[in-house]
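Peer 1: Residue numbers (mature numbering (1 follows the signal peptide of the UniProt record, and there is no 0)): -27 to -1, 1 to 90.
Here's a structure for you.
Below you can see the structure in the form of structure tokens.
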């Protein structure tokens, strides 16, 4: 019984801490989960858009929008998009359990975005 009470108290303390600290970067997507942040959703598809760094969120949403306008849904071939001042290579990746879309800046592979359901 003490273990259940301690678990409940710990859970409530965690919720209270989150409520006090406000929004935080959430781990998302299968790529570099510890360092990714959820930026929002793509307007056309409703898929969650994530980036490697919070300061990349504006670019990530632009890239996601450009990609979903050009993406044919087949998932096999890479799609090249021009957005946020760069050229991005996008394609479907294997995921667990669902596949996801990933775009990588062709001139800087440390810049990437994912679209997940």
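In this text, a Cβ means the ideal position worked out from N, Cα and C, and glycines have one as well.
Take residue 33 and list the residues in its own chain whose beta-carbon comes closer than 6 Å to its own, dropping the five residues that flank it on each side.
Peer 2: Here the set comprises 12, 22, 24, 86.
Peer 1: How close, in whole Å, do the beta carbons of residue 80 and residue 59 come, if the pair is a contact with beta carbons under 8 Å?
Peer 2: So it is a contact: roughly 6 Å between Cβ atoms.
Peer 1: Which residue spans inside the segment 42 to 86 form an unbroken beta strand (DSSP E) run of at least 3?
Peer 2: With a minimum length of 3 residues, the continuous beta strand (DSSP E) runs that stay inside the segment 42 to 86 are 52 to 56, 59 to 66, 73 to 78.
Peer 1: Does DSSP put residue 20 in a helix, a strand or coil?
Peer 2: It is coil, neither helix nor strand.
Peer 1: Since residue 88 and residue 16 should fall inside the 8 Å C-beta cutoff, what is the C-beta to C-beta distance between them, to a whole number of angstroms?
Peer 2: The Cβ separation is near 12 Å, so there is no contact.
Peer 1: Is the beta carbon of residue 54 closer than 7 Å to that of residue 40?
Peer 2: Cβ distance < 7 Å, so residue 40 and residue 54 count as in contact.
Peer 1: State buried or exposed for residue 29, treating a residue as buried only when at least 16 other CB atoms are found within 10 Å of its CB.
Peer 2: Per the 10 Å Cβ criterion, buried.
Peer 1: For residue 83, which of 62, 49, 42 has the nearest alpha-carbon?
Peer 2: Taking only the C-alpha atoms, the option nearest residue 83 is 62.
Peer 1: Note down, in chain order, each residue of its chain lying with its Cβ closer than 7 Å to the Cβ of residue 43, except the 5 sequence neighbours on either side.
Peer 2: Excluding residues within five positions, the ones whose Cβ falls inside 7 Å are 52, 54.
Peer 1: Give the straight-line distance between the Cα atoms of residue 95 and residue 76, rounded to the nearest whole angstrom.
Peer 2: Residue numbering for the chain in the displayed model covers -27 to 90; residue 95 lies beyond these limits and cannot be assessed.
Peer 1: Quick check on residue 13: does DSSP put it in helix, strand or coil?
Peer 2: Residue 13 falls in the strand class under three-state DSSP.
Peer 1: Grab me the residues of residue 36's own chain with a C-beta within less than 7 Å of its C-beta, minus the 5 sequence neighbours each way, in chain order.
Peer 2: Closer than 7 Å at the Cβ level, and outside the excluded window around residue 36, lie 54, 56, 57, 61, 76, 86.
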